[in-house]
Amino acid sequence: MKPAIQVQDVFKSYRRTAVGHKLRTLKSALMERSLTRGLTAAESIVALSGVSFEVKRGEAVGLLGSNGSGKSTLLKLVAGILMPSAGTIAVEGRIAALIELGAGFHPEISGRENVYINGAVLGLSRREIDRRFDDIVEFSGLADFIEEPVKNYSSGMYVRLGFAVAVHTDPDVLLVDEVLAVGDEAFSHLCLRRIEEFLARGKTLLLVSHSLGLIEDVCDRAIWLDRGVVRLDGHPRRVVDAYRQAVAEDEARAHREHKELREAEPETAG
């Protein structure tokens, strides 16, 4: 059986643009492209470097790492929002992604209209959305606000509606990036129960979170990304413990260096 997610030797780089530099015309843009094909590593940002892993059907995998480690970039690549600079990514089945707060929502139109738009983007027909609409609204707890433009929604309300639509599309693969941390505690528990039901039906979860406890509780496996490379892949407890130790060592090192700098400063005359 094919894995639900297969990531093979994936690289992702971004061009670094000099501050204040603007390409004012199409001709200048084409010239810039032809003149800078041989960019050095120092002139680009490497977000991911040679990342490879597989996620089995029915498996819950947590991605952890510091800010800038490449977690969100990787999730966007798996979702198809970004394309890799090199390497391949294959996903089996329907994907639902909760990656950026408010992504896919149109602020000027109502929650109701956004449910239909998001459902269609995730592959549902209008008839299918009609059948699931009441369940989506009930799960979100936004019945009193569903006719309001979503520009009036709080961040927590965005999460409620986005998660409700995503889980009611019956995806095979659910991608979640930190957004559950925005909702209130009661709704977060409701989401976790739904995720547990989702996994019990043999579905697949790829979760990014700074909550190490959440990764330990929900996931079968964890992957630690460090500066765009896989540092460790294994049982959540083992990976989380190693990550915590590395963070503690980094903090202790930074504290020592700061102390040494302070001690090296010449005393000012009183």
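Residues -19 to 250 (this note's numbering) make up the sequence shown, in order.
Backbone N, C-alpha and C fix where the C-beta goes; we use that ideal spot for every residue, glycine too.
Over what stretch of residues does the beta strand (DSSP E) that includes residue i continue unbroken?
i    : result
R201 : R201 to D206
I25  : S24 to V35
I75  : I75 to L78
Relative to the alpha-carbon of residue i, which residue among the options has its alpha-carbon at the smallest distance?
i      : options                      : result
G48    : L205, E34 and R233           : L205
E80    : A123, S135, S46 and V101     : S135
A66    : E93, G73, P87 and S32        : S32
R112   : T149, A232 and E229          : T149
M63    : G214, V209, A27 and K(-18)   : A27
A(-16) : G30, K183 and L194           : K183
A166   : V153, G121 and L155          : G121
K(-18) : D(-11), E72, Q225 and G45    : E72
A94    : I69, A70 and E127            : Ala is not the amino acid found at residue 94; the sequence shown has Asn there. The option with the nearest alpha carbon to N94 is E127.
V209   : G30, R106 and R(-5)          : G30
S24    : V188, A228, F(-9) and R(-5)  : R(-5)
I61    : P87, V101 and S90            : V101
L141   : E245, Q(-14) and F85         : F85
E34    : G45, V(-10) and G50          : V(-10)
G46    : E118, V227, R233 and L154    : According to the sequence displayed, residue 46 carries Ser and not Gly. Comparing Cα-Cα distances from S46 to each of E118, V227, R233 and L154, the minimum goes to V227.
S90    : K51, M137, I69 and Q(-14)    : M137
L194   : S(-7), V(-13) and L44        : L44
R211   : Q(-14), K(-8) and G50        : G50
L192   : I175, L155, Q225 and A123    : Q225
D157   : V219, V117, K131 and L185    : L185
H190   : V220, L172 and C171          : V220
V153   : K(-8), Q(-12), A59 and S(-7) : A59
A70    : R233, V147 and V(-13)        : V(-13)
E118   : N132, Y133 and F143          : F143
F125   : H235, R217, D230 and R92     : R92
DSSP state of residue i, grouped into three classes?
i      : result
T53    : helix
A(-16) : coil
I97    : helix
K183   : coil
L251   : Nothing about residue 251 can be reported from this structure: the residues present for the chain run from -19 to 250 only.
G67    : strand
L19    : Residue confidence for L19 is low, a pLDDT of 46 falling below 50, so the modelled location carries little weight and cannot support an answer.
Y(-6)  : strand
A232   : helix
K2     : Unreliable placement is indicated for K2, whose pLDDT of 48 sits below 50; the coordinate value is still reported in the next sentence. It is coil, neither helix nor strand.
E12    : With a pLDDT of 47 at E12, under the threshold of 50, the modelled position of that residue is not reliable, and the figure given next carries that caveat. Of the three classes helix, strand and coil, the one that applies to E12 here is helix, per DSSP.
Can you give me the start and stop residues for the alpha helix (DSSP H) that residue i sits inside?
i    : result
I195 : L192 to V198
R211 : R211 -> not in any alpha helix (DSSP H); beta strand (DSSP E) instead, spanning V209 to G214.
Three-pair Cβ contact test at 8 Å for the stretch 200 to 220 versus the stretch 39 to 55: yes
Any 3 or more C-beta pairs closer than 8 Å across the stretch 179 to 198 and the stretch 24 to 39: yes
Length at least 3, wholly inside the stretch 103 to 180: the beta strand (DSSP E) runs in chain order: 153 to 157
At least 3 beta-carbon pairs within less than 8 Å: the stretch 48 to 57 vs the stretch 70 to 79: yes
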